[in-house]
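According to the UniProt record's numbering, the residues represented by the sequence shown are 1 to 416, in order.
Just below is one structure, and these are the notes that go with it.
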Amino acid sequence: PPPATSSRVSHTHKPTYFPAENLTEYKWPPDDTGEYYMLQEQVSEYLGVTSFKRKYPDLERRDLSHKEKLYLREQNVITETQCTLGLTALRSDEVIDLMMKEYPVKHAEYSVILQERERQRITKEYSQMQQQNPQKVEASKVPEYIKKAAKKAAEFNSNFNRERMEERRAYFDLQTHIIQVPQGRYKVLPPERTRTGPYPVALIPGQFQEYYKGYSPNELRYLPLNTALYEPPLDPELPALDSDGDSDDGEDGKEDGKKNKGSSDSSSGNTSEGDSQDSGIQSKVKSKDATPRSVQHKSVPGYKPKVIPNAICGICQKGKEANRKGKPEALIHCSQCQNSGHPSCLDMSVELVSQIKMYPWQCMECKTCTVCEQPHHEEEMMFCDKCDRGFHTFCVGMDSIPLGDTFSLFLMENEK
């Protein structure tokens with residue numbers, strides 16, 4: 001007999017077609033706090049992926065609860081048999097992103113279905129609204145209704161434009177973070193001031209450009225930082241640094257201190273003594289910065305000095321009954337603080353005392369520059385021998401403190 005041959009039957013598994021109409025997106029919970037999900041079983045069958053969980057393990061997924069299965073059963077999304085099986089929910093936004101990146105054809109097909117569903121929903125809502133309002137508009141009243149609608153639109157536009165001009169003149173753009181204001185509210189420069197020239201900016205160092213900033217000689221002394229002649233200007237609101245030594249010694253040796261400052265070398269220049277002495281007064285007169293900015297240091301007609309009863313001299317610790325020589329002498333008082341002193345204890349002449357009683361005099365601790373009104377840079381401050389006003393050397397256009405007697409600008413103006 002012929003040998004028995006085993007017949008082999010080839011069974012090829014063809015994936016079933018899952019139309020895009022059956023792919024359902026639902027909201028759970030159905031209230032306002034819910035999010036949109038898709039069933040993993042439907043997504044894998046629609047995309048033709050057998051082991052969807054193994055291929056895309058990073059997608060957020062969760063198991064369906066019993067209430068959720070009953071809800072889908074009522075919506076005819078799943079069958080009664082599927083309710084007894086374990087179903088998995090995927091976030092719909094992640095599924096849509098996956099289809100856009102890896103399955104564009106499937107995504108285009110599903111987008112058409114979504115548009116059709118939205119069109120059907122709008123049509124259904126419109127038909128329900130027509131059923132609720134069965135009244136029909138008469139053809140003769142249509143022009144009247146059109147006029148009423150146009151009048152309402154005109155009133156709305158009028159009120160809206162009025163609010164824009166009166167209540168909402170400006171608004172904040174959330175995209176550009178710019179406050180938009182009506183044109184013409186701010187001053188606009190003429191076109192010739194903003195027109196760009198042939199050389200607006202230098203492309204290489206040293207190239208000519210039309211825009212530049214000019215600096216005054218006083219400003220150039222602070223620049224550049226590596227070769228600056230002056231330190232950065234201090235804030236006038238900051239207190240002055242305390243000087244070395246006790247305050248009693250400073251008050252007692254005021255005249256000596258002025259002479260020492262005059263004979264000390266300046267750190268910002270190397271000019272000779274003769275040149276400094278000859279050009280000292282002339283520089284102060286010709287300097288533009290020498291004009292006082294305040295009337296605080298000017299001599300005021302009828303000015304009365306401050307009176308402090310029972311004041312004590314800060315040097316000899318005695319009152320007006322007796323100075324350190326045992327003779328009665330009136331005290332002078334600082335206009336800024338409570339310091340007082342005998343003129344003889346401060347080595348002040350009678351002429352100097354008569355001058356300081358004509359303006360708000362300041363003691364050594366409170367002394368400020370007459371020009372800039374700042375107490376800083378004490379080492380660069382010089383004092384008038386006739387009125388005891390203080391001046392910074394750089395405020396009056398001088399490089400160093402000159403030798404010899406110094407005179408205030410106020411006294412020079414009075415002599416004229």
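We treat Cβ as the ideally placed atom computed from N, Cα and C, and that holds for glycine.
{"Asked": "If we call anything under 8 Å between Cβ atoms a contact, is residue 56 one with residue 89?", "Found": "no"}
{"Asked": "Is residue 181 buried or exposed, if buried means 16 or more other CB atoms sit within 10 Å of its CB?", "Found": "exposed"}
{"Asked": "Would residue 375 be called buried (16 or more neighbouring beta carbons within 10 Å of its own) or exposed?", "Found": "buried"}
{"Asked": "Pick helix, strand or coil for residue 99, following the three-state DSSP scheme.", "Found": "helix"}
{"Asked": "Secondary structure at residue 19, three-state DSSP: helix, strand or coil?", "Found": "coil"}
{"Asked": "Do residue 357 and residue 309 come within 8 Å of each other at the CB atom, strictly closer than that value?", "Found": "no"}
{"Asked": "On the criterion of 16 or more Cβ atoms from any shown chain inside 10 Å, does residue 40 qualify as buried, or is it exposed?", "Found": "buried"}
{"Asked": "Hey, does residue 115 have any beta-carbon neighbour from chain C nearer than 8 Å?", "Found": "Judged by its chain identifiers, the structure shown contains no chain C, having just a single protein chain."}
{"Asked": "So is residue 329 buried or exposed if we call it buried at 16+ other beta carbons inside 10 Å?", "Found": "buried"}
{"Asked": "Please say whether residue 137 and residue 126 have beta carbons closer to each other than 8 Å?", "Found": "no"}
{"Asked": "Run through DSSP, which three-state label would residue 418 get?", "Found": "Residue 418 falls outside the range modelled here, since the chain spans only 1 to 416, and no answer is possible."}
{"Asked": "Residue 335: beta carbon under 7 Å from a heavy atom of the ligand NAP?", "Found": "Only the bare structure without any ligand can be found here, which leaves the ligand NAP out of the picture."}
{"Asked": "Could you tell me the alpha carbon to alpha carbon distance between residue 400 and residue 184, rounded to whole angstroms?", "Found": "52 Å"}
{"Asked": "Please give me, in chain order, every unbroken run of the beta strand (DSSP E) with length at least 3 that falls completely inside the stretch 79 to 125.", "Found": "88 to 91"}
{"Asked": "For residue 175, is the classification buried or exposed, using 16 other Cβ atoms within 10 angstroms of its Cβ as the cut-off for buried?", "Found": "exposed"}
{"Asked": "Below 7 Å CB to CB, which residues in the same chain sit around residue 224 once its five sequence neighbours on both sides are set aside?", "Found": "none"}
{"Asked": "From the DSSP output, read off the bridge partner residues of residue 333.", "Found": "340"}
{"Asked": "Between the alpha carbons of residue 47 and residue 34, how many angstroms are there, rounded?", "Found": "26 Å"}
{"Asked": "State the CB to CB distance for the pair residue 367 and residue 390, rounded to an integer number of angstroms; the pair is presumed to be in contact (CB under 8 Å).", "Found": "5 Å"}
{"Asked": "Counting only runs that start and end within the stretch 170 to 230, where is the beta strand (DSSP E) found for 3 or more residues in a row?", "Found": "171 to 173, 178 to 180"}
{"Asked": "Could you tell me the distance, in whole angstroms, from the CA atom of residue 227 to the CA atom of residue 203?", "Found": "26 Å"}
{"Asked": "Which partner residues does residue 62 have in the DSSP bridge list?", "Found": "89"}
{"Asked": "Report the three-state DSSP secondary structure of residue 367 (helix, strand or coil).", "Found": "coil"}
{"Asked": "Residue 345 to residue 369, Cα distance in whole Å?", "Found": "24 Å"}
{"Asked": "Compare the beta carbon distance of residue 69 and residue 98 with 8 Å and say whether it is the shorter of the two.", "Found": "no"}
{"Asked": "Would you mind working out which of 92, 337, 343 sits nearest residue 365, comparing C-alpha positions?", "Found": "337"}
{"Asked": "Distance, Cα to Cα, residue 259 vs residue 386?", "Found": "Residue confidence is low: residue 259 scores 40 on pLDDT, short of 50, so the model does not pin down where it sits. No coordinate-derived value is stated."}
{"Asked": "Residue range of the beta strand (DSSP E) that residue 382 falls in?", "Found": "381 to 383"}
{"Asked": "Assign residue 380 to buried or exposed, taking buried as 16 or more other Cβ atoms, counted over all protein chains shown, within 10 Å of its Cβ.", "Found": "buried"}
{"Asked": "On the DSSP bridge assignment, give the partners of residue 391 in chain order.", "Found": "382"}
{"Asked": "Is it buried or exposed for residue 371, if we count other Cβ within 10 angstroms and need 16 for buried?", "Found": "buried"}
{"Asked": "So residue 200 and residue 209 are supposed to be a Cβ contact under 8 Å. How far apart are they, rounded?", "Found": "7 Å"}
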